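Asks: Submitted below is the structure of interest, expressed as structure tokens.
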Amino acid sequence: MARQSAPVIDAHASFDDFSTLLLEWYDRHHRHLPWRTPPADTRVGVLPDPYRVWLSEVMLQQTTVSAVKSYYEAFLAAWPTVEALAGAETEAVMRAWAGLGYYSRARNLKKCAETVAADHQGRFPDTEEGLKTLPGIGDYTAAAISAIAFNRPAAVVDGNVERVVTRLLAMETPLPDAKPLIRAFVANILPADRPGDFAQAMMDLGATICTPRNPACVLCPVSADCLARQNGTAERFPRKAPKAEKPLRHGAAFVARRGDGAVFLRKRPPEGLLGGMTEMPTTGWTARQDGETDTSAAPFPADWRDCGTIRHVFTHFALELSVYRADIQGSGETAAPLPAGWWSSPEELPGEALPTVIKKAIEAAIPGATKKRQRDRKTS
DNA sequence: CATTCGTGGGC
DNA sequence: TGCCCAAGAAT
2 MARQSAPVID
12 AHASFDDFST
22 LLLEWYDRHH
32 RHLPWRTPPA
42 DTRVGVLPDP
52 YRVWLSEVML
62 QQTTVSAVKS
72 YYEAFLAAWP
82 TVEALAGAET
92 EAVMRAWAGL
102 GYYSRARNLK
112 KCAETVAADH
122 QGRFPDTEEG
132 LKTLPGIGDY
142 TAAAISAIAF
152 NRPAAVVDGN
162 VERVVTRLLA
172 METPLPDAKP
182 LIRAFVANIL
192 PADRPGDFAQ
202 AMMDLGATIC
212 TPRNPACVLC
222 PVSADCLARQ
232 NGTAERFPRK
242 APKAEKPLRH
252 GAAFVARRGD
262 GAVFLRKRPP
272 EGLLGGMTEM
282 PTTGWTARQD
292 GETDTSAAPF
302 PADWRDCGTI
312 RHVFTHFALE
322 LSVYRADIQG
332 SGETAAPLPA
342 GWWSSPEELP
352 GEALPTVIKK
362 AIEAAIPGAT
372 KKRQRDRKTS
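Number 381 marks the last residue of the first sequence (the numbering used here); no jumps.
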């Protein structure tokens, strides 16, 4: 829209001091994060390990900093280099990723490490174009790695930057249509000397000052440049296309417990929802509830007992899962042959590649079963 | 290009 | 409680 391109051009001149003010703020108020090299170091040419930048950026895709921290530390301890990760077992990576969500990221992480180790001598490409050829690295992550790990002038646009820029310009164009305009604006104001710090400064500003609700405009280093601030409409940006409503799906899950406490598990298909992760036998999750028990869909005949229903909300649908438990006598022999899978002992179960929704279902059937064993509580 | 992909926290 | 959101990518 012509109406939107004009402000971007005008902005270039009037936002001349923007980067200076933002970087001065970042030098004093930047967040301290495990994967970050502080500006005192980057300013003298000390850059972070690209492997660590990549690992953190993939984990941070649609995921909060607080959720990522412990996973990042665990991955770095288990696999300190891209070669180490390339040599890991995929199943070990899936177990370590369990609970973080968006599990295709874990498989792509492993594939990417293998490619970098085998085809790039263990070194990540330094250009956006080169990085984007790798699995799991898209527009944002390629720009972020190029800027942060190699200090190249890439326009890094994530959700934070979208919010900051649409407010600065009071941009009426809704997302995602506004994305090219935002990228062009960022490319125009990008400081040639500190592109990595600039990218992180924009994200820190969005995360700590220019927040979705109740932005702290009074503390903002660039509030004088902000059109939404002048209009008192910061919270109205960014504008977004209306979202589709979430359908409700139903299903049933079957927790078979052996005499020694082991639980029967299987692996989900490698692609799609919770791809490659571990679960107990379940029905499909599109079946309509008919008011009758679902035990006719059980993986084998047994005395299936109703353990209630759990609810779980995914990105694009909600799930009501009926949970059943059967106690199998002896060492797991059933009236019918078992489907593909394995028995997981009480010691192994907490470390399996169990998504959160599956853990919730197991907990409904066997309280405490997925929790890592705690030391005996002393009655102090 | 619209849809498909998790989860936990904040209000 | 329900809705929004978080350093998006793949198809």
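For glycine and all other residues, C-beta sits at the position ideal for the given N, C-alpha and C. Remember, predicted model here, so these are calculated numbers, not experimental data.
(1) Anyone know if the C-beta pair for P207 and F151 falls short of 9 Å?
(2) Ordered along the chain, which non-local residues of its own chain (more than five positions away) have a Cβ less than 7 Å from that of P351?
(3) Have a look at the DSSP bridge pairing and note the partners of H251.
(4) For T134, does the count of other Cβ atoms within 10 angstroms reach 16, so buried, or fall short, so exposed?
(5) Looking at the secondary structure, which residues open and close the beta strand (DSSP E) in which H313 lies?
(6) Assign I390 to one of three DSSP states: helix, strand, or coil.
(7) Report yes if the CB atom of A87 is closer than 9 Å to the CB atom of A114, and no otherwise.
(8) How far does the alpha helix (DSSP H) with S345 in it reach, from first residue to last?
(9) Is it true that the CB of A202 sits closer than 9 Å to the CB of P154?
(10) Any idea which residues DSSP pairs I329 with across the strands?
(11) Just to confirm, is the Cβ distance from K112 to P136 under 9 Å?
(12) By a C-beta neighbour count over all protein chains shown, 10 Å radius and 16 as the cutoff for buried, is L275 buried or exposed?
(13) In chain order, what residues of the same chain lie with their CB nearer than 6 Å to the CB of A242, ignoring the 5 residues before and after it?
(14) When you compare the CB positions of D307 and Y27, do they come within less than 9 Å of one another, or not?
(15) By a C-beta neighbour count over all protein chains shown, 10 Å radius and 16 as the cutoff for buried, is G252 buried or exposed?
(16) Within 10 angstroms of its Cβ, does N161 collect 16 or more other Cβ (buried), or is it exposed?
(17) The beta strand (DSSP E) that contains L264, what's its start and end?
(18) Find out if the Cβ-Cβ distance for the pair S57, P39 is shorter than 9 Å.
Replies: This is what the structure gives:
(1) Taking the first sequence and counting its residues from 1, one reaches residue 207 at position 206. Taking the first sequence and counting its residues from 1, one reaches residue 151 at position 150. For the record, residue 207 in the displayed sequence is Gly; it is not Pro. It is not a contact, given that the beta carbons lie outside the stated cut-off.
(2) Taking the first sequence and counting its residues from 1, one reaches residue 351 at position 350. Closer than 7 Å at Cβ, skipping near neighbours: T371, K372 and K373.
(3) In the first sequence, counting from the first residue as 1, residue 251 sits at position 250. For H251, DSSP records a beta bridge to E321.
(4) Position 133 of the first sequence, counted from the first residue, corresponds to residue 134. When all chains shown are included, T134 counts as exposed.
(5) The sequence position of residue 313 within the first sequence is 312, counting from 1. Here the beta strand (DSSP E) through H313 covers R306 to V314.
(6) For the chain, the structure presents residues 2 to 381; residue 390 sits outside this window and is missing.
(7) As a first step, residue 87 must be located in the first sequence, where it is residue number 86. As a first step, residue 114 must be located in the first sequence, where it is residue number 113. With respect to the 9 Å criterion, A87 and A114 are classified as neighbours on the basis of their beta carbons.
(8) For the purposes of this step, residue 345 is taken as the residue at position 344 of the first sequence. Counting along the chain, S345 falls outside any alpha helix (DSSP H), though it belongs to the beta strand (DSSP E) covering W343 to S345.
(9) Looking up residue 154 in the first sequence gives position 153. Looking up residue 202 in the first sequence gives position 201. Against a cut-off of 9 Å, the Cβ pair of A202 and P154 comes out as no contact.
(10) For the purposes of this step, residue 329 is identified with residue 328 of the first sequence, where counting begins at 1. Bridge partners of I329: R259.
(11) Here residue 112 is taken as the residue at index 111 of the first sequence, counted from 1. Here residue 136 is taken as the residue at index 135 of the first sequence, counted from 1. Yes, these two residues count as a Cβ contact at 9 Å.
(12) Here residue 275 refers to the residue found at position 274 of the first sequence. The residue in question, L275, is buried, as its Cβ has 16 or more Cβ neighbours within 10 Å.
(13) Stepping through the first sequence from its first residue, residue 242 is reached at position 241. Closer than 6 Å at Cβ, skipping near neighbours: P175.
(14) Working through the first sequence from its first residue, we reach residue 307 at position 306. Working through the first sequence from its first residue, we reach residue 27 at position 26. Contact: no.
(15) By one-based count along the first sequence, residue 252 stands at place 251. Note on G252: 16 or more other CB atoms within 10 angstroms of its CB, so buried under the neighbour-count rule.
(16) Residue numbering aside, residue 161 sits at position 160 when the first sequence is read from its first letter. Classification for N161: buried.
(17) Translated into positions along the first sequence, residue 264 becomes position 263. According to the sequence as given, residue 264 is Val; it is not Leu. V264 -> beta strand (DSSP E) spans V264 to K268.
(18) As a working note, residue 57 is residue 56 in the first sequence. As a working note, residue 39 is residue 38 in the first sequence. Cβ distance not < 9 Å, so S57 and P39 don't count as in contact.
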